[in-house]
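One structure below.
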Amino acid sequence: MAYASWLVPSKVSGSGNDTVNVTAGSNNTGRNARTTNMTFKAANCEDVVRAVSQAGKPEFVTIQSTASVAKGGVATLTITGTSNSSKLTFSLGSGATLSLTLPSSYTANGLSTNNGTAITGDPGATQEYSYSIAFTSIGENTTISALTAQLIVTDNAGNTATCAITQAAGDATLSVTPASVQLDWNAYSESASATFTVTSNTNWSVE
Amino acid sequence: MVKTIPWNDGNGNIVLTYTGEGNATVTVETDTDNLGEDRSQVLTFKTTGANPATVEVTVTQEACPYNFRTADEYFVRTSDGYIINVQEEE
Numbered sequence: 001m002a003y004a005s006w007l008v009p010s011k012v013s014g015s016g017n018d019t020v021n022v023t024a025g026s027n028n029t030g031r032n033a034r035t036t037n038m039t040f041k042a043a044n045c046e047d048v049v050r051a052v053s054q055a056g057k058p059e060f061v062t063i064q065s066t067a068s069v070a071k072g073g074v075a076t077l078t079i080t081g082t083s084n085s086s087k088l089t090f091s092l093g094s095g096a097t098l099s100l101t102l103p104s105s106y107t108a109n110g111l112s113t114n115n116g117t118a119i120t121g122d123p124g125a126t127q128e129y130s131y132s133i134a135f136t137s138i139g140e141n142t143t144i145s146a147l148t149a150q151l152i153v154t155d156n157a158g159n160t161a162t163c164a165i166t167q168a169a170g171d172a173t174l175s176v177t178p179a180s181v182q183l184d185w186n187a188y189s190e191s192a193s194a195t196f197t198v199t200s201n202t203n204w205s206v207e
Numbered sequence: 001m002v003k004t005i006p007w008n009d010g011n012g013n014i015v016l017t018y019t020g021e022g023n024a025t026v027t028v029e030t031d032t033d034n035l036g037e038d039r040s041q042v043l044t045f046k047t048t049g050a051n052p053a054t055v056e057v058t059v060t061q062e063a064c065p066y067n068f069r070t071a072d073e074y075f076v077r078t079s080d081g082y083i084i085n086v087q088e089e090e
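Here the protein sequences come in this chain order: A and B. One point on numbering: in the working numbering, the residue at position 117 of the first sequence is 117, and numbering is uninterrupted. One point on numbering: in the working numbering, the residue at position 90 of the second sequence is 90, and numbering is uninterrupted.
Have a look at this one:
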């Protein structure tokens, strides 16, 4: 039986006493070690089988470090990352000024997966996979300040990664009603006044 | 804060009292009666900071009538803005 394609021997034939060095042609991004057998053959001799193992990559999770939302909001904000964990759990950081609803599911290795539950087939056992989580219907920023939130992803080993989400500051708004007011001719003597009502999300002046 | 803006027509000022913060009301007064003709003036509200939003409004003060009566007196306004207290001849 042939050895796995990730194994690269320094030579595949020889004569007499010799050494064969083996290297890995690719990193093992899965959590689990992988093993393949090399079979040494010689005429009139029994085959000699030797196993070669490559250790697995320690469990990890990454996420994009930042994500931006336009001031007018977005229909969908997708955040991506990679991992080799059997389970990912998403949560929102405290102190957020941007209001987000955490999705109940995300996509891992192309499969829809509920937040905090084991990923079907455990793809991370053999190789790292990509995942994405999508926030929907993020509304307009009606303030003049940028809004922020944090998405935290935790793998099954307790490793965490954080994405800082920022929504750009909204526009200043201003409305004044009514469009005009009238004072009586003797408003001063009568101590009469009129009133404008201002609706705004920031400071304003009148001139 | 109190801000005075001179009337473009006639004497006196428009007197505005406001906070200038978010949702609020602006009280509009005048520090003089209007002994002239109707007068109106456009005021501009403007937000602070970059890309300010602006809104224009109009303040009007009606003219003093050419003649008017109080509870027990009768007055006439002259074309040059004087108010004359008219006394009935005994």
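The C-beta atom is built at its ideal place from N, Cα and C for all residues, glycine as well. On a predicted model such as this, the values are computed, not experimentally measured, just so you know.
Would you report the Cα separation of residue i and residue j, rounded to the nearest angstrom?
i: Thr120(A); j: Pro103(A); result: 18 Å
i: Ser53(A); j: Ala4(A); result: 11 Å
i: Trp185(A); j: Arg69(B); result: 14 Å
i: Gly110(A); j: Asn203(A); result: 48 Å
i: Tyr18(B); j: Thr107(A); result: 53 Å
i: Thr154(A); j: Ala33(A); result: 22 Å
i: Glu140(A); j: Thr173(A); result: 13 Å
i: Ser68(A); j: Gly170(A); result: 13 Å
i: Asn49(B); j: Leu43(B); result: The displayed chain sequence assigns Gly, not Asn, to residue 49(B). So the alpha carbons of these two residues sit roughly 19 Å apart.
i: Asp80(B); j: Pro65(B); result: 13 Å
i: Val57(B); j: Asn159(A); result: 59 Å
i: Tyr188(A); j: Arg39(B); result: 15 Å
i: Asn67(B); j: Asn34(B); result: 14 Å
Where do the ends of the beta strand (DSSP E) carrying residue i lie?
i: Cys163(A); result: Thr160 to Gln167
i: Trp204(A); result: Trp204 to Val206
i: Asp155(A); result: Leu147 to Asp155
i: Arg31(A); result: First-last for Arg31(A): undefined, no H or E at that position.
i: Gly81(A); result: Val74 to Ser83
i: Asn13(B); result: Asn13 to Thr17
i: Phe60(A); result: That residue, Phe60(A), is in no beta strand (DSSP E); it is neither H nor E in DSSP.
i: Ser91(A); result: Leu88 to Leu92
i: Ile138(A); result: Tyr129 to Ile138
Would a C-beta distance cut-off of 8 Å place residue i and residue j closer than the cut-off?
i: Asn84(A); j: Gly116(A); result: no
i: Ser175(A); j: Thr199(A); result: yes
i: Gln167(A); j: Lys71(A); result: yes
i: Val28(B); j: Ser193(A); result: yes
i: Glu128(A); j: Thr82(A); result: yes
Going by the DSSP bridge assignment, what does residue i pair with across the sheet?
i: Gln61(B); result: Leu183(A) and Arg39(B)
i: Ile83(B); result: Arg77(B)
i: Tyr106(A); result: Thr113(A)
Should residue i be listed as close to the ligand ADP, given that the test is whether its C-beta is under 7 Å from any heavy atom?
i: Pro9(A); result: This structure lacks the ligand ADP; in fact it carries no ligand of any kind.
Going along the chain, which residues of the segment 39-53 of chain B sit with their C-beta nearer than 7 Å to a C-beta in chain A? Considering only beta carbons, the part of the segment 39-53 of chain B lying closer than 7 Å to chain A consists of Leu43, Thr44, Phe45, Lys46, Thr47, Thr48, Gly49, Asn51, Pro52 and Ala53, in chain order.
So if I threshold CB-CB distances at 8 Å, which residues from the segment 3-33 of chain B count as touching chain A? Going along the segment 3-33 of chain B in chain order, one finds Lys3, Ile5, Gly12, Leu16, Tyr18, Gly20, Glu21, Gly22, Asn23, Ala24, Thr25, Val26, Thr27, Val28, Glu29, Thr30, Asp31, Thr32 and Asp33 with a Cβ nearer than 8 Å to chain A.
If contact means a Cβ-Cβ distance below 7 Å, which residues of the segment 61-80 of chain B contact chain A? Against chain A - using a Cβ distance shorter than 7 Å - the residues of the segment 61-80 of chain B are Gln61, Glu62, Ala63 and Cys64.
Chain-ordered residues of the segment 169-191 of chain A with a beta carbon less than 9 Å from chain B: Result list: Asp171, Ala172, Thr173, Leu174, Ser175, Val176, Thr177, Pro178, Ala179, Ser180, Val181, Gln182, Leu183, Asp184, Trp185, Asn186, Ala187, Tyr188, Ser189, Glu190 and Ser191.
Under 9 Å, CB to CB, which of the residues in the segment 154-168 of chain A have a partner in chain B? Answer in chain order: no residues at all.
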